[in-house]
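Residue numbers (this note's numbering), protein chains in the order written: chain A, 1390 to 1593; chain B, 1390 to 1593.
Cβ atoms here follow ideal geometry from the backbone N, Cα and C, with glycine treated the same way.
Here the structure is a predicted model, which means the values were calculated and not measured.
Step one of this worksheet: look at the structure below.
Number of protein chains: 2
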Amino acid sequence: MPVLSEREPHPRARRGRGRRPAAEVRADVLAAANALLLSEGMGGFTIEGVADGAGVSKTTIYKWWSSKGALALDGYLSAAPCTPAFPDSGDIAADLTAQLGAFVRQVTGTAVGRVLVELVGQAQTDPALCEAFLERYTGPRRRLAAEAVRRAQGRGQLRLDADPEAIVDQLWGACYYRLLLPHGPLTEDFAAALVKDLLRGVRA
Amino acid sequence: MPVLSEREPHPRARRGRGRRPAAEVRADVLAAANALLLSEGMGGFTIEGVADGAGVSKTTIYKWWSSKGALALDGYLSAAPCTPAFPDSGDIAADLTAQLGAFVRQVTGTAVGRVLVELVGQAQTDPALCEAFLERYTGPRRRLAAEAVRRAQGRGQLRLDADPEAIVDQLWGACYYRLLLPHGPLTEDFAAALVKDLLRGVRA
């Protein structure tokens, strides 16, 4: 793909007699990154491809993003829904089942879910992406779930000596595991079984 | 790195007047793949690098391996310990805690563990690697754990309506999740807490 220099702006970069404002360039880059990610996945995602799609130089992209992975995450999040709320019905089992089921619906069988696992994959060899992913994607979502568990502990519904973070790992982590290493189907029934087993225990 | 053609064998390929036997070439390729993986990780792992290390052409490698990931997995497994046995003491809680703790020890803080997560990462954009990884790495290990759970169900120690596969996901999956997305420390204490919470349940 041709790489355009800063001195010869891409036709899309012309706006009257001047350059596009920085915010507009940034938005174009994110939109191009998102589109490339959804059409090609991480396997076909390149800085060159995004530069070409947005009509900017690779140099411009490297000014703002430290790696291909960092750009991919920003492109993904720019069009992703906000962190979903975690409604509190007072019934922690029902709330965990609903939230975990919604996560499963969101990540299975959609391009968005495919991109999510590819970002996690890329993060294994891109420490900056891994850190950004924890901070901006899984972190806020985990916090909401852990807070729901703490509220239920405060109401005496869950054991106080169980670690809320470990509970999140045994629910969401089990789903990520099936998403990344698909030994079995990742379904809403599976999500419901995870909540049931963990809350009541599997000891006979 | 220079790529050697089939018609001009690398000096290491000469053995008397003939070529190395295929089995020997294959072993050299696997040893070179393993060495490159442990020294550079998946980020620096290339077919060229392995070809160079083993003194063979890229063509030879492509005859046997369909992708960089497939070669990396074979290189990794060629030097990996066999699937660990799953001893049966009669106490399922103790056995699960010991096995999960051993897994955590194996994958944390070692080059081998780092390579493992990088293979899982690469598998997200390499379907052949993903399939091979499930079949040859996680599959046999999961089967042993699920069989231990079934034996405990047979002895009346675990609930019969709990799915052994889901139990494996809630223990090993939670550890993989922390390994791949390190929101919290992956320790033997964490592993022990996972077993304890799942067996007794977290409902107050």
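Report the neighbours of Arg1589 of chain B on chain A: residues whose CB is nearer than 8 Å to its CB, in chain order.
Those are Gly1590 and Arg1592, listed as they occur along chain A.
Would Phe1434 of chain A and Leu1425 of chain A qualify as a contact pair, given that the criterion is a beta-carbon distance under 7 Å?
Yes; because the gap between Cβ atoms is below 7 Å, this pair is in contact.
Could you run through the stretch 1479-1497 of chain A and flag, in chain order, every residue whose CB is less than 7 Å away from some CB of chain B?
Taking 7 Å as the Cβ-Cβ cut-off against chain B, none of the residues of the stretch 1479-1497 of chain A qualify.
So Arg1531 of chain B is in the alpha helix (DSSP H); what residue range does that whole segment cover?
Taken as a continuous stretch (DSSP letters only), the alpha helix (DSSP H) holding Arg1531 of chain B covers Gly1528 to Gly1543.
Using a 10 Å radius around the Cβ and a threshold of 16 neighbouring Cβ atoms, would you call Cys1564 of chain A buried or exposed?
That one is buried.
Determine, using beta carbons only, whether Ala1537 of chain A and Phe1579 of chain A come nearer to each other than 7 Å.
No, the pair does not count as a contact, with Cβ atoms beyond the cut-off.
Quick test of your reading: Leu1518 of chain B and Gly1464 of chain B, contact by CB under 8 Å. State the CB separation rounded to the nearest angstrom.
That belief does not hold up - the Cβ atoms of Leu1518 of chain B and Gly1464 of chain B are roughly 12 Å apart, past 8 Å.
Let me check understanding here. Comparing Cα to Cα, which of B:Glu1429, B:Glu1524, B:Lys1585 and B:Ala1582 lies closest to Arg1503 of chain B?
Per the Cα distances, B:Glu1429.
Please report how far the alpha carbon of Leu1505 of chain B lies from the alpha carbon of Ala1521 of chain B, in whole angstroms.
Their Cα atoms are separated by approximately 13 Å.
Return the first residue and the last residue of the alpha helix (DSSP H) that Arg1548 of chain B is part of.
It is not in any alpha helix (DSSP H) - Arg1548 of chain B carries neither H nor E in the DSSP assignment.
With DSSP as the reference, identify every bridge partner of Arg1503 of chain A, one or two as the case may be.
The partner list for Arg1503 of chain A (beta bridge, DSSP) is empty, contrary to what the question assumes.
So Thr1448 of chain A is in the alpha helix (DSSP H); what residue range does that whole segment cover?
Lys1447 to Trp1453 is the extent of the alpha helix (DSSP H) around Thr1448 of chain A.
Rounded C-beta distance between Gln1541 of chain A and Ile1450 of chain A? I'm assuming under 8 Å.
For the record, residue 1541 of chain A in the displayed sequence is Ala; it is not Gln. 45 Å between Cβ atoms; not a contact.
Leaving out five residues on either side along the sequence, give the residues of the same chain with a beta carbon under 8 Å from the beta carbon of Gln1511 of chain A.
Closer than 8 Å at the Cβ level, and outside the excluded window around Gln1511 of chain A, lie Met1431, Lys1457, Gly1458, Ala1461 and Leu1518.
Excluding the 5 residues flanking Val1557 of chain B on each side, which residues of the same chain have their C-beta closer than 6 Å to its C-beta?
Cβ within range, chain order: Arg1531, Ala1534 and Ala1535.
Rounded to whole angstroms, what's the CA-CA distance from Trp1453 of chain A to Ser1467 of chain B? Just pull it up for me.
Those two C-alpha atoms are separated by around 42 Å.
Provide the residue(s) that pair with Arg1592 of chain B in DSSP beta bridges, ordered along the chain.
Arg1592 of chain B is bridged to A:Leu1547.
Among the candidates A:Ala1443, A:Arg1408, A:Ala1469 and A:Val1439, whose CA atom is the shortest distance from the CA of Tyr1526 of chain A?
When only C-alpha atoms are compared, the closest one is A:Ala1469.
Flag this pair as yes or no: are the beta carbons of Val1584 of chain B and Thr1497 of chain B separated by less than 7 Å?
Contact: no.
Using a Cβ cut-off of 7 Å (strictly closer), state whether Gly1545 of chain B contacts chain A.
Taking Cβ atoms only, chain A reaches closer than 7 Å to Gly1545 of chain B, which makes this a yes.
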